[in-house]
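Okay, so here's the structure we're looking at.
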Amino acid sequence: MSGTRKSYNDEFKRQTVKYIQEQTKTVAELALELEIPAKTLYQWLGKYRQFPDEPVASAERIRELERQLQEQEEIIADMTEELAIVKKAAHIFSKPKN
Numbered sequence: 001m002s003g004t005r006k007s008y009n010d011e012f013k014r015q016t017v018k019y020i021q022e023q024t025k026t027v028a029e030l031a032l033e034l035e036i037p038a039k040t041l042y043q044w045l046g047k048y049r050q051f052p053d054e055p056v057a058s059a060e061r062i063r064e065l066e067r068q069l070q071e072q073e074e075i076i077a078d079m080t081e082e083l084a085i086v087k088k089a090a091h092i093f094s095k096p097k098n
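In full-length UniProt numbering, the protein residues as written are 1 to 98.
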């Protein structure tokens, strides 16, 4: 441990939170970039966020959204296949009988 503890004023914290919200990087990546512990940045986000109802993009949330997207893509593929079968059946049964 370094032994020195840095202190930041509220304006710096607000500007940092704004910067975090504008980035597509993870909080962990920004913590390394800013040389501020990720835990500290999460605390600042909780306190100074301008959109408190907007969830913080975390790796866990991104994985959950990717899983949901994969499920939706599978459902679409199944429904596309079912539609193709129905179209073929409709075509076969719509032919006039001799």
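The C-beta atom is built at its ideal place from N, Cα and C for all residues, glycine as well.
I'd like to know whether the C-beta atoms of residue i and residue j end up nearer to each other than 9 Å.
| i | j | result |
| --- | --- | --- |
| residue 127 | Val27 | Residue 127 lies beyond the residue range present for the chain, which begins at 1 and ends at 98; the question has no answer from this structure. |
Just the Cα atoms here: how many angstroms apart are residue i and residue j?
| i | j | result |
| --- | --- | --- |
| Ala38 | Leu30 | 8 Å |
| Gln50 | Ile85 | 51 Å |
| Lys95 | Ala89 | 10 Å |
| Tyr8 | Arg67 | 38 Å |
| Arg61 | Ile75 | 21 Å |
| Glu73 | Leu65 | 12 Å |
| Arg63 | Glu22 | 20 Å |
| Leu83 | Glu33 | 50 Å |
Which word fits residue i, buried or exposed, when buried means at least 16 other C-beta atoms lie within 10 angstroms of its C-beta?
| i | result |
| --- | --- |
| Ile20 | buried |
| Leu41 | buried |
By alpha-carbon positions, which one of the options ends up nearest to residue i?
| i | options | result |
| --- | --- | --- |
| Phe12 | Lys25, Ile36, Gln23, Thr4 | Ile36 |
| Arg14 | Gly46, Lys6, Arg5, Thr24 | Gly46 |
| Gln43 | Asp10, Lys97, His91 | Asp10 |
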